[in-house]
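If you're matching them up, the sequences are chains A and B in order.
To convert, count from 1 in the first sequence and add 186; that's my numbering.
To convert, count from 1 in the second sequence and add 1; that's my numbering.
We put the beta carbon where it would ideally sit given N, CA and C, even for glycine.
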Amino acid sequence: MPIVPIPRLLPYLLVGLATSQLPAQDSQVLFNRDIRPILSDKCYTCHGPDPGNRKTKLRFDVEAVATSDLGGRYAIVPGDPGKSEMIRRITAENKAMRMPPASSGATLSPHEIDLMRQWVQQGAKWQKHWSFIPPVRPASPVVKNTAWPRNPIDLFILERLERENLSPSQEADKERLIRRASFDLTGLPPTSSEVAEFVKDASPKAYEKVVDRLLASPRYGERMAVRWLDAARYADTNGYQTDAERSMWRWRDWVIGAFNRNMPFDRFTVEQIAGDLLPGATLDQKIATGFNRNHRGNGEGGIIPEEYAVEYVVDRVDTTSTVWLGLTMGCARCHDHKYDPISQKEFYQVYAYFNSIPERGKAFKYGNSPPAIPAPTAPQQLQLNESNQKVSTAARHFAAMKDRIHHAQSAWEKSLAGKPSIHWSPERGLLANFSLDTDNPKLTWDPKGPEFVPGKIQHAAAFDGLRVAGADDIANFDFYDKFTLAAWIFPTSGTGAILTRTEDVPEAMGYGLYLKDGKLQVNLVDRWLDDGARVEANTKLTLNQWHHVAAVYDGTRMAEGIRIYVDGVSQEFTTIVDDVNQTFASKQPFRIGGGGGPENRFHGQIEDARVYQVAITPEEVAMLSDPSPLNQLVAIPADRRALAQSQKLELAFVSHFASKPIRQAWEQLTQSQADREKLMASFPTSMVMQELPAPREAFRLIRGAYDRPGEKVTRSLPAVLPPLPAGASNDRLGLAKWMVDPANPLTARVAVNRFWQMYFGTGIVKTSEDFGSQGEWPSNAALLDWLATEFISTGWDIKAMQKTIVMSATYRQSSRVTPELLQRDPENRLLARGPRLRMSAEMVRDQALSVSGLLVEKLGGPSVKPYQPAGLWKELSGGIDYVQDSGEGLYRRSLYTYWKRASPPPSMMTFDSAGREICTVRETRTNTPLQALTLMNDVTYVEASRALAQRMMTEGGTSPEQRIGFAYRVATAREPSKAQTQILLDGFRFNLDRYQTDRKAAESLLKEGESPLNPKLDASQLAAYTTVASLILNLDATVTIE
Amino acid sequence: MKPIDLTRRHFFSRASTGIGVAALSSLLQNDLGASEGALPGIPHFAPKAKRVIYLFQSGAPSQMELFDHKPKLKQYRSSELPDSIRQGQRLTGMTSTQSSFPVAPSMFEFAQHGNSGAWVSQLMPHTAKIADQLCFVKSMHTEAINHDPAITFFQTGFQIAGRPSIGAWLSYGLGSENKDLPGFVVMVSQGTGNAADQPLYDRLWGSGFLPSKYQGVKFRSVGDPVLFLSDPPGVAKASRSRFIDDLGKLNQLEYEEFGDPETTARIAQYEMAYRMQTSVPELTDISKEPAHTFELYGPDSRKPGTYAANCLLARRLSERGVRFIQLFHRGWDQHNHLPKQIVGQCQDTDQASAALVQDLKERGLLDETLVVWGGEFGRTVYCQGKLTADDYGRDHHPRCFTIWMAGGGIKPGITYGATDDYCYNITENPVDVHDLQATMLHCLGIDHTKLTFKFQGRHFRLTDVHGKVIKGLLA
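Spelled out as structure tokens, the structure:
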């Protein structure tokens, strides 16, 4: 902190500075309010909780030590500043003796020294840090002005104002009040008729009716969700390097729904932290746990997975402790916390609640990383029910035909006797079948033509270590595709490619089934050593005999999603690489007997090569591995047939050889199953928390480094906080319940403080992210505790809490400010006036869409891509660019805008959106020229201006004055004054004049944006009104909630 | 303006995030003229440099091909990297499972240049010519071994996202010298070496937990140079001017009614936006530069969006007092086909980088401008993939790499630090990322331990809790 020269304006300044920090007309110095902030900020680095940095035994965070005998001297002698070494040292003339030392960069102001002296004089009473003492419902303050308060909030505010000799402001005018409440509760402006109705309604309940209506609106959940998404670092991309897409919008919609249904905050908490561990967890409860999967995931090639596995868990601890506890636990990652009583060991004990999920340190570069679940939406769940019904109907229908099929199959089997050989193999999902009996025009042989020899079934192609067959551009599978490769092989050498689609050089990109030193190997490769999957069968194949071999991949991007079969039997295999991180599709042809360079040419024979675009079942593989023609199988007595043989006959019959009704019944069944699979594949997925069967070990990490584990730790909570509630399990679920246990001193305070911040711009504790020693003393501690206890006693009723706040007289005050008041309380911490805040980024845009009539009010769904200048993604990555939506996607509320962390929507960021890379709970507002440029020139606002202008001309009356009044009302809820109207009118005439002379200019302005232009309106008029509308959308009064 | 003045002082005296009041500083910065907006007490001592041009070579250029000459590597060619050199250091997952780590000497020739006798490779002929202006630091090292954390570390002093970038720190600490241009400008270019190279991220010039007004403004070569700078089609300059006036009048009425200083701040921001609509195009219009300028920077400098054109703009920005100008040139991540790719990268950057230093010198600006050239880590001496007669690749190497610095406060014509014969370990005067940041801040008159911002209870610094000024680099 730079040393601040004391400004000459000091006397005024002190008043301004001190609104929350100075005891007002109160000579009692309080440790928590007055002393701890000084000790914490200026002394604790060396004399605080962290032993690593402590220069001496002396510490000021523990009373017993601070007042103990230091060899005849005492740092603090309660009641006697003269004998207290501490007072002597902070006032020492000698610079070398003076504390804090110059090298620390910290200094004490005369006022601070004075406070310390007074405190010692008054007995040096310690207090446990205020936020660690559970809130107790304070008694109602007594106030003089009994007419003003509307609810208990006002008593606390007024009591303080009266002590400061300040009076509350009068109530805001009705227009501003309804506009304020509408934005604060729904994030959108009131419609003109809503304003008019409210203004007309003289009943005492008029305002409450508005509030109830707003709280019941689905827009309320959207508004509340936005700040929660910031806290939860929600985004649509993974956040590191390539920053490719993920899908967490089902979690986002869960949040909106939870607010709209008014889920109590305790349940809201438990489901997000540990919904998966609730007995009989529903899909929604599992989706809710995405809260702690919203952190970034690193899929960059070459990272050390263990390093990032630690980062993810640390992020969960940081985020969870910030959001629920208002604690900066992350500061204890590398060493004991320097200010708060949280040891490094305790940090890792909390860490241990969050590290036992089956996740990977190296995240998938594209898409959701495990664990993720299919997360069908409600309509999709209905579709699934229907689909299930179709399957069971078809299954019942087929089962009902059992006897008929049995008879028919017996007859068919008999009829086969003595017929020529009939070959048949499973056909489901068959993409290509190369029998390799004779020449096939679809195959290109290289370097010489084919040679066919007697094979396993009929004939086989001979491979001599040079020859390879190319099958052109088929089977261009990628990492999300399911597929199967199968063939009969007669290997004469232990190494050679069987079926591949890969570059024809060693260790190249592509996929393939190989024989490598006698073992079957499956490769799905982007980069040989570290980007792909490679699994190898544990047992060698016997050379010089026929085997049926198959490789099945289920599209999960995991090595465990691969199967290797030999002669119909699934093989044990070893995973060599398990990092399918990006596409392994190559531009090469599909090959038989080669691919992967000259050293991988096959030696021996290959027959009946098959490619399926499905992951075939083990049963189907087993059928493939029995090449017997059907008439040979029927010759075996039914009770002597192997299972695969019976199944093959049955499948062949019902799918191929039976009469039409049977085949149709079968087809219906398989088709309904395929339809269901297709439906399920279309479901969005969502990342969730899951618990490993046995907890993963956790260690204190020395200096926080992933590769320097210290002693082992087990799950436990910091000693300064209460223990787990009785009966709670010592796991995430127990932790979640502990968060919302009424004994927890922090959660309710932290939650209501953030609510408060939403309305007043600043929390009662300004440092809404830090309720520890370094956090700011609450501007009104009793009010905070009243709100916290109220929240708990109402059963954590979130809507009720919002209503209590907005119904207060405090909230309803006018935000007009006098120079005196501005000087007394520039940040409006005392609330002698109402809040006046620039809108948040999403409100600025949503308002423009709303007042122009462009807004599409649709709840939830995948994120959308509204207007954004072309090239922003591409210029950072060289890769794909942003593809803007067309139609509806341009006009959805901003919380649905696609959030790419590496390149977030610029107009949102310009208006101080959280970047969504890490948890953000404090709102910030700046005022910059880039904001001006955005509002004037971004097509979003130009189009909104034009659309508003169209409304002016079609709904706003006939005269320019009327139309200007209309637009002004729509945007600000108020009538313009005469002076305002005159300025706008003059501007309109100025522009009308221009656009009447230059119609082309008018037309080009009106072309901006995709929404339809009303052709009936005169272009010059409309363009001139567009500039007026733009001016109105740029007004301070428009972008501010007054 | 009295109450505003008060509030502004209040803001700085508390160094709070100053919801609302934060905005006032920019208002006053305009009213009080150049160089205002600095934190009180800053500079902490007389600065040598007023601004920085940081030529970030994204992807990590190979030190062995460019500046760190290792003649002995020729005799070690193809031999296994000795364990005594590797010392069990961690490698990236891209090569840690390689069965062999063959030494790959540079294919390129080196010679000594200038009075300083600096070794520069044949790939950098123009840089070689200005060797006496440069200070080569051969002993840079970092903790990160992957791009995202490594570049984030260089930019923010921390590997994980969330902290302010160095340019944002400087805007916050030093304010702006120009009331019509942003204090922190970023330009990005795509290298010809490797088109599918490492991506960049907005966070690299983000403001982290500092107010967003300190974030870097990206100047673009296509479309508006600054997003949303141009008026919509059909809106003439006179019309915009009238718009700003009318808006100012309406907002003034609002101020008179409500008394909120935010409103007057907003009036000023619109005026600055309007000025930017002139000042930025004037800045980016290089058509009036004389032919010899383009000759100096090379033919690419006529093509908007190239590294060379960005270098030329960097000079124009520094002439106008922009505090922190940062170029990012992508394409240095050469895991394979390095010999071919690095030629392209050097052709993109060599002439223009050297021209920029020379041009600044000729204009008398070099003394007050700190120029830094470098990437996020180095590259391995062992070959990644197959080592052939004319091809090889190199993986990430955090343990040593070379950057160069020039200009304000930096000792010219020296080489600082040294590495072993394998160019694997530092043998002399290591410089870590925080040291570099501390030294850069020192050149700007800032004690890096005292430029802080309180967030989450901590007084955060660009240099975290580390960093020392490297005196040996200072003039």
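Quick one: what does DSSP say residue i is sitting in, helix, strand or coil?
{"i": "A:Phe1174", "result": "helix"}
{"i": "A:Arg1155", "result": "helix"}
{"i": "A:Leu297", "result": "One detail in the question is off: residue 297 of chain A reads as His in this sequence, not Leu. Helix at A:His297."}
{"i": "B:Ile287", "result": "coil"}
{"i": "B:Ser122", "result": "strand"}
{"i": "B:Ala23", "result": "Unreliable positioning characterises B:Ala23 in this predicted model, as indicated by a pLDDT of 34, which lies under 50. The coordinate reading is nonetheless provided below. It is helical."}
{"i": "A:Arg796", "result": "strand"}
{"i": "A:Trp714", "result": "coil"}
{"i": "A:Pro804", "result": "helix"}
{"i": "A:Phe665", "result": "coil"}
{"i": "A:Trp631", "result": "strand"}
{"i": "B:Trp405", "result": "strand"}
{"i": "A:Val721", "result": "strand"}
{"i": "B:Tyr417", "result": "strand"}
{"i": "A:Leu685", "result": "strand"}
Check the Cβ-Cβ distances between residue i and every residue of chain B, and say whether any is below 9 Å.
{"i": "A:Leu208", "result": "Bear in mind that the predicted position of A:Leu208 carries a pLDDT of just 39, short of 50, making it too unreliable to give a figure here."}
{"i": "A:Gln427", "result": "yes"}
{"i": "A:Val499", "result": "no"}
{"i": "A:Arg713", "result": "yes"}
{"i": "A:Lys548", "result": "yes"}
{"i": "A:Cys229", "result": "no"}
{"i": "A:Lys360", "result": "no"}
{"i": "A:Cys232", "result": "no"}
Of all the CB atoms in chain A, is at least one closer than 9 Å to the CB of residue i?
{"i": "B:Pro212", "result": "yes"}
Would you check if the distance between the CB atom of residue i and the CB atom of residue j is smaller than 9 Å?
{"i": "A:Leu519", "j": "A:Leu887", "result": "Going by the sequence as given, residue 519 of chain A is Arg instead of Leu. Yes. Within cutoff."}
{"i": "A:Val708", "j": "A:Tyr739", "result": "yes"}
{"i": "B:His397", "j": "B:Ala162", "result": "no"}
{"i": "B:Ile167", "j": "B:Gln160", "result": "no"}
{"i": "B:Thr381", "j": "B:Lys139", "result": "no"}
{"i": "B:Tyr173", "j": "B:Val372", "result": "no"}
{"i": "B:Phe402", "j": "B:His142", "result": "yes"}
{"i": "B:His435", "j": "B:His460", "result": "no"}
Sort out for me which residues DSSP pairs residue i with in a bridge.
{"i": "A:Val738", "result": "A:Thr670 and A:Arg749"}
{"i": "A:Met695", "result": "Answer is none; A:Met695 lacks a bridge partner."}
{"i": "A:Ser872", "result": "A:Ile559"}
{"i": "A:Glu357", "result": "A:Gln999"}
{"i": "B:Val53", "result": "B:Phe325 and B:Leu371"}
{"i": "B:Gln58", "result": "B:His330"}
{"i": "B:Tyr383", "result": "B:Val104"}
{"i": "A:Glu431", "result": "A:Thr423"}
Is there at least one non-hydrogen atom of the ligand ADP closer than 8 Å to the beta-carbon of residue i?
{"i": "A:Leu1171", "result": "Ligands in the displayed structure: none, and consequently the ligand ADP is not present."}
Any beta strand (DSSP E) of 3 or more consecutive residues that is wholly inside the stretch 175-209 of chain B: 185-191
Start-end ranges of the beta strand (DSSP E) lying completely within the stretch 755-795 of chain A, minimum 3 residues: 759-765
Every unbroken beta strand (DSSP E) within the stretch 1004-1069 of chain A, with a cutoff of 3 residues, ordered by chain: none
Beta strand (DSSP E) segments (min. 3 residues) lying fully within the stretch 816-903 of chain A: Within the stretch 816-903 of chain A, the complete beta strand (DSSP E) runs of at least 3 residues are 871-873, 884-887 and 895-899.
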